[in-house]
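Colleague: Questions regarding the structure given below will be posed in turn.
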Amino acid sequence: MKKLIVVAAVLLVLGVLGFVATGSSNSPESTHTTVAVSRATIVDKALAVGEVVPRQEVQVKSRISGIVQTVRAEVGDRVAQGEPLLVISPNPTPLEYAEARRAVDLAEVDLDNARKVLVRYEGLYAKHLISEAEFEVHKTEQAQMELRHRLAVEKLELLERGVTADGTEQNTIVSPIDGTILERLVSEGDPVVPLTTYQAGTPLLTMAPMSELIFKGTVDEIDVGKLATGMPVEIKVGALPDAKVQGTLSRISPKARKQDNATLFDLEIELTEIAGTTLRAGYSANADIVIRRKDSVLVVPERLVTFAGDSATVEVLDSTTQQPSVRVIKTGLSDGLQIEVSEGLALGELVVERPPKEIE
């Protein structure tokens, strides 16, 4: 009985040893993860973050004070230059109206006096009692009084009706450009402060020609040294993931600015191809500025390349021995994920990918 137990134990040990030996002989084929060398397009890009905006945006303001009486254009309307947008009803204060009324009365008194004086001097001049030069002085004074009277009347009519003496309507606000209404900032009944040399005035509407949209954004100082005007750009609009918008870099600011502890440069991009997409002002977007591009080149994942000084190496799996060996390669353009291999590897060769090191 003891002999049988000993024989069984020996057979069990031999079986375990045989299994371990068999498993170890096949291990080289199963322990190495590889990636084949392939062909792909490598693009070196710089990222700009910004938005799609109109090239020209105009705020419409009034030249007279008052109350908004009628709004004739709404957001989204396309209007032509000179088309009426709003009507302002003059609403002067009692003091302003009284001063304008009295100014007209005083101007009328001065004009009547100037006319009487001129009539008297005409008689003296006809009798050759005064010189022609003296007579011309009084004619000039009367002409000045007429102008002052006309100015006082126009001021009064502007306060009362918003219309000048010659019939020009100043209370109707017209479009300064051909464009689209982007924003209406007032409603009927709102007070309006006029645009003058000493005050900005109340913004009434914002408008812009929507046919002239551009991309405005910023790029990091790390990338700005690689950029030059005229570079092609691919724009990705956040609200339109399927839109294909192309552009050209048109302007790079010569001065940086700080934003959230980052150094950024402003830039502008001309939109050259929209491909039937309807863009709206204010869309947030990212712009990939193409610095360099290479098509159909040999590539490997950049994570598999070991850089030491000026040399780059990879581990290549030998097809016969199934063992990795180090090989020196020459690299080229990189997009951060894949890197071009210009020398040292052939299409289809297997590059060993080691498992990531565990952090202890």
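Everything in the sequence shown is counted per my numbering, starting at 472 for the first residue and increasing by one.
Built from N, CA and C at the ideal position, the CB exists for glycine as well.
All values reported here derive from a predicted model rather than from experimental measurement.
Give me whichever residues DSSP pairs with K516 in a beta bridge.
Modeller: Answer is V761, bridged to K516.
Colleague: Rank A733, T777, E824, E739 by C-alpha distance to the C-alpha of M702 and give the top, closest one.
Modeller: Here the closest residue by C-alpha is E739.
Colleague: I need the straight-line Cα distance from A507 to V822, nearest angstrom please.
Modeller: When rounded, the distance between both Cα atoms is 6 Å.
Colleague: Measure from the alpha carbon of E705 to the alpha carbon of each residue in S724, G696, I685, P555, then state which is nearest.
Modeller: Comparing Cα positions, the closest option is I685.
Colleague: Out of R549, L735, E744, which has the shortest C-alpha to C-alpha gap to G650?
Modeller: Per the Cα distances, R549.
Colleague: Roughly how many angstroms separate the alpha carbons of R798 and E820, rounded to a whole number?
Modeller: When rounded, the distance between both Cα atoms is 12 Å.
Colleague: Would I538 and G660 be called neighbours here (beta carbons separated by less than 8 Å)?
Modeller: The answer is yes: Cβ separation under 8 Å.
Colleague: Classify I693 as helix, strand or coil using the three-state DSSP reduction.
Modeller: It is helical.
Colleague: Just list the beta strand (DSSP E) runs in the region 760-800, keeping only unbroken ones of 3 residues or longer that don't cross its boundaries, in chain order.
Modeller: Segments of the beta strand (DSSP E) lying fully in the region 760-800: 777-779, 782-788.
Colleague: In angstroms, rounded to a whole number, what distance separates the CA positions of P827 and T802?
Modeller: Approximately 23 Å, taken between the alpha carbons.
Colleague: Identify which residue in D737, V716, A517, N732 has its Cα closest to the Cα of A725.
Modeller: Correcting the residue identity first, residue 725 is Pro in this sequence and not Ala. Minimum Cα distance to P725 is reached at D737.
Colleague: Does the Cβ of Y669 have 16 or more other Cβ atoms within 10 Å, making it buried, or fewer, making it exposed?
Modeller: So Y669 counts as exposed.
Colleague: Can you tell which of L735, V716, F606 has its C-alpha closest to the C-alpha of E744?
Modeller: Looking at the Cα atoms, V716 is the closest of the given residues.
Colleague: Below 8 Å between beta carbons: does that hold for L750 and V523?
Modeller: Yes, they are a contact pair.
Colleague: Suppose the cutoff is 8 Å on Cβ atoms and the five residues either side in sequence are ignored; what does the same chain contact list for T541 look like?
Modeller: If we look at T541 and ignore the five residues flanking it on each side, its Cβ neighbours are L557, V558, E659.
Colleague: Can you list, in chain order, the residues of its chain whose CB lies under 7 Å from that of T748, leaving out five sequence neighbours each side?
Modeller: Excluding sequence neighbours, T748 sits near L711, A714, V716.
Colleague: Please list, in chain order, all residues of the same chain as I760 whose beta carbon is under 7 Å from its beta carbon, the five residues on each side excluded.
Modeller: K516, A517, A519, L698, M702, V704, L720, listed in sequence order.
Colleague: Could you tell me the boundaries of the beta strand (DSSP E) in which T743 lies?
Modeller: It spans 733-744 - the beta strand (DSSP E) in which T743 sits, taken as one unbroken run.
Colleague: So what does I644 bridge to, in DSSP terms?
Modeller: Paired residues: L557.
Colleague: For T677, tell me which candidate among E545, R825, T512, L788 has the shortest Cα-Cα distance.
Modeller: Answer by Cα proximity: E545.
Colleague: Going straight from the alpha carbon of T643 to that of H609, what length do you get?
Modeller: Going by the C-alpha atoms only, they are around 40 Å apart.
Colleague: Closest to T700 by C-alpha separation, out of P795, L618, I723, would be which residue?
Modeller: For the residues P795, L618, I723, the minimum Cα distance to T700 belongs to I723.
Colleague: Given a threshold of 16 other Cβ atoms within 10 Å of its Cβ, counted over all protein chains shown, does I652 qualify as buried or as exposed?
Modeller: Classification of I652: buried, given that the 10 Å Cβ count is 16 or more.
Colleague: Spell out the partners DSSP gives A511 in its beta bridges.
Modeller: A511 pairs with V768.
Colleague: Which ranges would you report for the alpha helix (DSSP H) in the region 648-730 if only whole runs of at least 4 residues count?
Modeller: The region 648-730 contains these whole alpha helix (DSSP H) runs: 692-695.
Colleague: State yes or no: is the beta carbon of E824 nearer than 8 Å to at least one beta carbon in chain D?
Modeller: No chain D appears in the structure shown, which is made up of a single protein chain.
Colleague: To the nearest angstrom, how far is it from the Cα of T611 to the Cα of L582?
Modeller: Computed Cα separation, rounded: 12 Å.
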